[in-house]
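*Asks:* These protein sequence lines are chains A and B, in that order.
The first sequence begins at 1 in the numbering used here and counts up by one.
The second sequence begins at 476 in the numbering used here and counts up by one.
Ideal placement from N, C-alpha and C gives every residue a C-beta, glycine not left out.
Remember, predicted model here, so these are calculated numbers, not experimental data.
The structure under discussion is supplied below as structure tokens; questions concerning it will follow.
Number of protein chains: 2
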Amino acid sequence: MRFATLLPVVASCAILVLSCGEGSAPAAADRETQPDGVWLLSGGTVVTMDGQGSVIEAGAVAIRGSRIEAVGTAADLGERFPGAEVRSADGRIVLPGLINTHTHVPMALFRGLADDLPLKEWLEDVIFPAEAEYVDEEFVRWGTRLGCLEMLRGGTTTFVDMYYFEDVIAEEAERCGARAVVGESLIDFPAPDNKSWEDAIAYTERFLVRWKGHDRITPAVAPHAPYTVSAEHLQAAHELAVRHDVPLILHLAEDMSEVDEILERTGMRPVEYVDHLGILDDRMIANHVVWPSPSEIELLAERGVGVAHCPQSNMKVAAGVAPVPEMLAAGIAVGLGTDGPASNNDLDLWEEIDTAAKLHKVIKSDPTVVSAEEALTMATIGGARALGMEADIGSLEVGKRADLIVVDPRGLHQQPIYDPYSTLVYSTKSADVETVIVDGRVLVEGGELLSEDLEGVRVAVERYRERLAGLRTRP
Amino acid sequence: MRFATLLPVVASCAILVLSCGEGSAPAAADRETQPDGVWLLSGGTVVTMDGQGSVIEAGAVAIRGSRIEAVGTAADLGERFPGAEVRSADGRIVLPGLINTHTHVPMALFRGLADDLPLKEWLEDVIFPAEAEYVDEEFVRWGTRLGCLEMLRGGTTTFVDMYYFEDVIAEEAERCGARAVVGESLIDFPAPDNKSWEDAIAYTERFLVRWKGHDRITPAVAPHAPYTVSAEHLQAAHELAVRHDVPLILHLAEDMSEVDEILERTGMRPVEYVDHLGILDDRMIANHVVWPSPSEIELLAERGVGVAHCPQSNMKVAAGVAPVPEMLAAGIAVGLGTDGPASNNDLDLWEEIDTAAKLHKVIKSDPTVVSAEEALTMATIGGARALGMEADIGSLEVGKRADLIVVDPRGLHQQPIYDPYSTLVYSTKSADVETVIVDGRVLVEGGELLSEDLEGVRVAVERYRERLAGLRTRP
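Here is the structure:
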């Protein structure tokens, strides 16, 4: 999708759909007024990502309101719901929406602002000054809108965010129709929004109360990291998460300098340290976890911590390679994340899946490590488990939220198809996502985002680019 | 681009182009009948990849026949060529066509046939039997057609291939309009086409005579590897390459088992060994080169060998990580390659560029290693140098072949743009390629391949899929 050509493209695609005889799919707006009607996505290869690895050829998914009513063959569901409207998925692959378990969405406006720099220089000379000068509610709103639309367009239906002005991020996620777990960053320094710990905690408490119970928005508590938040504050953040029964998001053991610093300060490694503080439990989504020791891996498994593995970010900032095969073997719920677009530089989960499958093979000198199916598992039901949301999302099973995507596998780069997992993991790109459905609502159709003023986004982004371009640094 | 919807899509794009006011670009066929007329690609950011890193905002490229006539600002070239037809590149990025320095194109038909297997099992249980049973002229023709179209669609204008029935591969490359360096694989085993070394050499000699001097097709001699071709045969192959003055393509030091085997047999490491045979020189394109020792890196630099770095293939088959920063520092011409689509699983050079930039950072624990500009250099002028073709391709400079591509950088995943190298390397995908020009001919326009029967390709590919599907193995 292209900003400048939005209207003509949408127009031409509407024509295209009709000319291809794709049938009379009900418009999103229609379905919203008919929440009780069942409709079918029917005819494609349904990759369920259920516990049994079920793949249904000529399959179908029945959707009622925001939930999955049934999953089966097209023939069976056609008989079972004779009057249901049918959207054809013939020749396509239907799978659960992808889950991005770690990002900082508004940083989309910093995408490519500075790359290939030493970490300290990148942070201190570019990112921190840029955040201090430019990050306000308006910035967060447009950055989030840009990032959310990028994610939806590419088939990511759920994302986990931690940044500043998180209320705005939640509002934008709600607005665009995505599912999100959102946590206001808590850090022992003045932030762009809250200048003191007390202000940030008060903000977070209001934030939790405001969003708790929302269908698609899950508020969280998000202390930044063990090296930027004191022991006392980490415990206070955890206490808040427990009291409101919400997830806790934390950067953990991302690079060796963190391990060294925590070791020197506490005599413990980061995972041991936060366990010692009593905050390592199954509400934690731990980001990166590149440097856990073998005993820390056991600890993460015992405590039921979810891990957000961000292979491309870890590579680009040279943080290291997380011991994912070991974490999976220990039974840890590992999801995939893009990290913020300032350090990646996109929100493309397909590339994380592909990279996760390949990176660990070369690191372990073993081409059987992290199979295509395991990589796709991390991006779907594995991610859902990492967020503690596996009862609701991550696989196509009866009763779960209707978060699903349709991939067109007929591109030259995908043909022929011998195995849908191989096709999805090693050949499919975000541009191949054709349809995106969240909570039963169709948000992307024919590869085009529905109901969004993309020209307005383009104009706002260009305004920020002009203001920020002076900060750009390239070695 | 989608097989099944080709006609409607092309139709809708034609409408789209008109409705967007893109101007009256001359059709490819028209230009072919006007080889002496100059036309301009005008108005975009021209990333030249010349030796000075010149990037021209509001730039233009003037094309006369198959060559670049001028490169400059849109204003200057507009004045200099007042009557020239103009194709607008406003808001786009114009750069040299990408160069895929190593692949086995026909293996596109094996894409995803078997993944995540131990190397020996993958080769002996799947690939070798599949090649023995299915690889004939017809297979090679359709596999090459599929792969060539995938590469052109994604902005790869030159590729280096070694496989069997190479005459057919050359014919298909010629037919689709790509530029190619093609070498019949020479191996000390019966191949699908030639059953003896003598037959293969005779075939190669006829092949060299047939294609030598072609504008776009460069024939080469392609002994498979030091561990599959005897010393005597390696020398004979080299003698043939020298006699016909063509490149020599060789897999070299791809994995540790090769290093161990050659060491045990000869007391030398692979690069030293082929140097000892007298065949290591500047006509060699060495594929992979994952395991050169420091002294072998010096040797490669001294001898002027070009290296085809294939990061994603090396990761997926767990071959190892090539010492690319060291090879670049030694002054070796390093290009990027996808390897064959059976082991990658696509022919997407954008992902190799992105991966090359990220992989070496994490391996060296240094985020400054292989910058965006260095990664793009490998895919363009670096690749051209590796092939000994830098006088003709790899950068946008006067007198070079008009091999260039236009990228649309207005996708949500690319915005905002602070630095064209960052945008191209870290955010741009093959689907963002809008226009592809080889030898002055427009082959892709509005993201759609021109003049190709995609439905015919689809039918043929499906026929092979049905026949091969029984061989599929997944762990």
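Can A/Val105 and A/Gly143 be called in contact, C-beta distance under 8 angstroms?
*Replies:* Yes, they are a contact pair.
*Asks:* Under a CB-based cut-off of 8 angstroms, is B/Lys595 close to chain A?
*Replies:* no
*Asks:* Cutting at 7 angstroms between CB atoms, please list the residues of its own chain near B/Glu771, excluding the five before and the five after it.
*Replies:* Arg744, Val746, Glu747
*Asks:* Going by the beta-carbon positions, is the gap between A/Thr228 and A/Ile187 smaller than 8 angstroms?
*Replies:* Yes, Cβ-Cβ distance for A/Thr228 and A/Ile187 is below 8 angstroms.
*Asks:* Leaving out the 5 sequence neighbours to the left and right, which residues in its chain are closer than 8 angstroms to A/Leu18 when beta-carbon positions are compared?
*Replies:* Because A/Leu18 sits at a pLDDT of 27, beneath the cut-off of 50, its placement in the model cannot be relied upon, and the following sentence gives the value as read from the coordinates. Setting aside the 5 residues that flank it on each side, A/Leu18 has no residue in the same chain whose C-beta is closer than 8 angstroms to its C-beta.
*Asks:* Please name the residues in the region 805-825 of chain B whose beta-carbon is closer than 8 angstroms to at least one beta-carbon of chain A, in chain order.
*Replies:* Asn819, Asn820, Asp821, Leu822, Asp823
*Asks:* For B/Ala776, collect the residues of the same chain with a Cβ closer than 7 angstroms to its Cβ; drop the 5 residues on either side in sequence, then sort them by chain order.
*Replies:* Ala805, Gly806, Ile807
*Asks:* Report the CB separation of B/Ser846 from A/Asp116 in whole angstroms; it is logged as a contact under 8 angstroms.
*Replies:* 4 angstroms
*Asks:* Let me know if B/His751 comes out buried or exposed under the rule of 16 or more other beta-carbons within 10 Å of its beta-carbon.
*Replies:* exposed
*Asks:* Give a yes or no on whether the C-beta atoms belonging to B/Ala793 and A/Pro367 are separated by under 8 angstroms.
*Replies:* The answer is yes: Cβ separation under 8 angstroms.
*Asks:* Tell me, please, whether the CB atom of A/Ile353 is closer than 8 angstroms to any CB atom in chain B?
*Replies:* no
*Asks:* Please report the straight-line C-alpha distance between B/Leu851 and B/Val522, rounded to a whole angstrom.
*Replies:* 10 angstroms
*Asks:* Which residues bound the alpha helix (DSSP H) around A/Gly331?
*Replies:* Membership of A/Gly331 in any alpha helix (DSSP H) is not indicated, and neither H nor E is assigned to it by DSSP.
*Asks:* For B/Ile880, which beta-bridge partners are listed by DSSP?
*Replies:* B/Leu570, B/Val911
*Asks:* Buried or exposed: A/Ala132, going by 16 or more other Cβ atoms within 10 Å of its Cβ?
*Replies:* Exposed is the call here.
*Asks:* So, are the CB atoms of A/Ala220 and A/Leu263 less than 8 angstroms apart?
*Replies:* A/Leu263 is positioned such that its CB atom lies no closer than 8 angstroms to that of A/Ala220.
*Asks:* Quick one: what's got a C-beta closer than 6 angstroms to A/Glu254's C-beta in the same chain, skipping five residues either side?
*Replies:* His288, Val290, Ala319
*Asks:* Using a Cβ cut-off of 9 angstroms, pull out every chain B residue sitting near A/Gly97, in sequence order please.
*Replies:* Those within 9 angstroms of A/Gly97 in chain B number zero; the least Cβ separation is about 17 angstroms.
*Asks:* Any beta carbon from chain A within less than 8 angstroms of B/Ala728's own beta carbon?
*Replies:* no
*Asks:* Going by beta-carbon coordinates alone, are A/Glu397 and A/Val71 separated by less than 8 angstroms?
*Replies:* The answer is yes: Cβ separation under 8 angstroms.
*Asks:* Are the beta-carbon atoms belonging to A/Met151 and A/Ala114 less than 8 angstroms from one another?
*Replies:* no
*Asks:* Identify, in the order they occur along the chain, each residue of the same chain with its Cβ nearer than 7 angstroms to the Cβ of B/Cys623, setting aside the five sequence neighbours on each side.
*Replies:* Val580, Glu647, Ala648, Cys651, Ala653
*Asks:* Which of helix, strand or coil does DSSP assign to B/Tyr896?
*Replies:* helix
*Asks:* Please look up how many angstroms separate the CB atoms of A/Met315 and B/Val734, rounded, as I've assumed it's under 8 angstroms.
*Replies:* Contact between A/Met315 and B/Val734 is ruled out by a C-beta separation of about 25 angstroms, above the 8 angstroms threshold.
*Asks:* For a test of the three-state rule: what should DSSP assign to A/Pro82, helix, strand or coil?
*Replies:* coil
*Asks:* Could you tell me the distance, in whole angstroms, from the CA atom of B/Asp907 to the CA atom of B/Asp883?
*Replies:* 5 angstroms
*Asks:* For B/Arg628, which residues in chain A fall below 7 angstroms Cβ to Cβ?
*Replies:* Near B/Arg628 (Cβ distances below 7 angstroms), the residues of chain A are Leu412.
*Asks:* Flag this pair as yes or no: are the beta carbons of A/Ala170 and A/Trp211 separated by less than 8 angstroms?
*Replies:* Between A/Ala170 and A/Trp211, the CB-CB gap stays under 8 angstroms.
*Asks:* For B/Ser732, report the span of its alpha helix (DSSP H) as first-last.
*Replies:* 731-741
*Asks:* Consider the Cβ of A/Ile93: report whether some Cβ of chain B lies at a distance smaller than 8 angstroms.
*Replies:* no
*Asks:* Spell out whether any CB of chain B is found under 8 angstroms from the CB atom of A/Ser371.
*Replies:* yes
*Asks:* Kindly indicate which residue of B/Leu946, B/Glu801, B/Asp636 has the alpha-carbon position closest to the one of B/Gly812.
*Replies:* B/Asp636
*Asks:* Taking A/Val168 as the reference, which of A/Tyr426, A/Arg64, A/Asp193 has the closest Cα?
*Replies:* A/Asp193
*Asks:* Measuring only the C-alpha atoms, how far is B/Gln890 from A/Arg465?
*Replies:* 9 angstroms
*Asks:* Going along chain B in order, which residues have a C-beta closer than 7 angstroms to the C-beta of A/Thr368?
*Replies:* Asp591, Leu592, Pro593, Pro950
*Asks:* Excluding five sequence neighbours on each side, which residues of the same chain lie with their C-beta closer than 6 angstroms to the C-beta of B/Ala500?
*Replies:* With a pLDDT of 38 at B/Ala500, under the threshold of 50, the modelled position of this residue cannot be trusted; read the value that follows with caution. Answer for B/Ala500: Arg562, listed in chain order.
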